[in-house]
Structures are given as structure tokens and as C-alpha cells.
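In our numbering, the protein residues as written are 22 to 155.
In this text, a Cβ means the ideal position worked out from N, Cα and C, and glycines have one as well.
Notes to accompany the following structure.
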């Protein structure tokens, strides 16, 4: 899990790099800086994806705990419209790809009485249950 301060420092890094890019536009360092910025951007691509997915999971968890969109937006720090889009995508994803457990459990309800009653002694059953004759 990433540190809470990391996204803020990451955005600060991008803000500084964009301002340096603007200043270096008129110098000979422009090409080398663009190459460096592209390399750093490539290195941090997976970090940005992980942070985005972590935020999405947190929003979905709060939604499944019956928080409203406004409450989720307050806790996460995003706009309500963004929360609505994420929840809408989650709902459509669930509808089109329903989660299936790894091992399905099938119960045979017709054999329930036989499985339960085999543990009791026959004398207890005879004492408390009436016999059904066919």
C-alpha cells in the first residue's frame, strides 16, 4: 500500500517538471529533458495505475457499505460526478461479468432428512417421531 503523502508528492513532481519543461523550451536541454521526462513517466506508469485502482477499490468498498455518493466524495476527496461514473462502471461490470465463486456448493435437499437423522439413535426417533406407513 502506498504512503498517503505519495500521491501529493507525485503531483508536485509533475507540476515542477511541467514548469521546467516550459522554461527549458527555449534552451538546448529541451530534447534531453523530454527524454528524461518520458523515461520517468514510463517508470511511474505502473505506480499511477496502482494508485488509481486502489482508489477505485476504496470507492467500491464504501459504496458496498451503503455510503451515499456525497459521503464517498467527501471521504475520498473527489467530485460527486467522478464517484457516480466509477459506481456506474462497477454496476455494468457486475451485470456483464457476474462474480462466480471458485467452488460452487450444491446441496441435495432431498437427502437432508437422511443425513440429519442418521446421527440420532433409532430409539430416540421412535420415541419422539411418529412412524409414517405407506
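With DSSP run on the structure shown, which of helix, strand or coil describes residue i?
i: residue 68; result: helix
i: residue 105; result: helix
i: residue 113; result: helix
i: residue 62; result: helix
i: residue 121; result: coil
i: residue 74; result: helix
i: residue 86; result: coil
I'd like the list of long-range same chain contacts for residue i, defined as Cβ closer than 8 Å, with 5 residues on each side in sequence excluded.
i: residue 92; result: 83
i: residue 64; result: none
Work out the CA separation of residue j and residue i for me, nearest whole Å.
i: residue 97; j: residue 119; result: 26 Å
i: residue 102; j: residue 66; result: 25 Å
i: residue 121; j: residue 114; result: 13 Å
i: residue 72; j: residue 100; result: 17 Å
i: residue 87; j: residue 69; result: 27 Å
Select from the options the residue whose C-alpha is nearest the C-alpha of residue i.
i: residue 109; options: 80, 86, 64; result: 80
i: residue 74; options: 117, 123, 107; result: 107
Who are the Cβ neighbours of residue i in its own chain at under 7 Å, not counting the five residues just before and after it?
i: residue 62; result: none
i: residue 77; result: 107
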